[in-house]
Amino acid sequence: MQVSVTGHHVEVTDSMRSYVEKKMERILRHFDHVIDVHCTLTVEKMQQKAEAHLKVRGKDIHAFAVDGNMYAAIDMLVDKL
């Protein structure tokens with residue numbers, strides 16, 4: 255599984271990147287053949303938004319979560335996925 259993390263109006267730090275990668279490993283327990291994960295972290299005014307596009311064999315999955323804290327938004331995103 256290849257995980258790519260980008261930021262929109264925010265600089266993605268090493269701790270953010272490793273946190274996303276660690277949380278996305280939870281997804282592997284539910285899906286056998288995850289090919290690619292692209293996660294975008296965005297700051298819009300006072301809201302932190304995390305969204306992800308997963309490519310699973312035969313399907314594409316998209317989810318997003320919004321919160322006041324980026325790490326909480328990432329947690330909510332993984333729970334949705």
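Numbering-wise, the sequence shown is residues 255 to 335 according to our numbering.
For each residue, glycine too, the CB sits at the ideal point set by N, CA and C.
field: Coarse secondary structure for Lys299, derived from DSSP in three states
entry: Secondary structure at Lys299: coil, using DSSP grouped into helix, strand and coil.
inquiry  = Using the three-state DSSP reduction, which class does Glu279 fall into: helix, strand or coil?
reply    = helix
If we ignore side chains and look at the alpha-carbon of each, how far apart do Gln384 and Gly312 end up?
The chain is shown only over 255 to 335; residue 384 falls outside these bounds and no answer can be derived.
Pairwise C-alpha distance: Val310 and Phe285: 8 Å
### Message
I need the boundaries of the beta strand (DSSP E) containing Asp314, first residue and last residue.
### Response
Lys313 to Asp321
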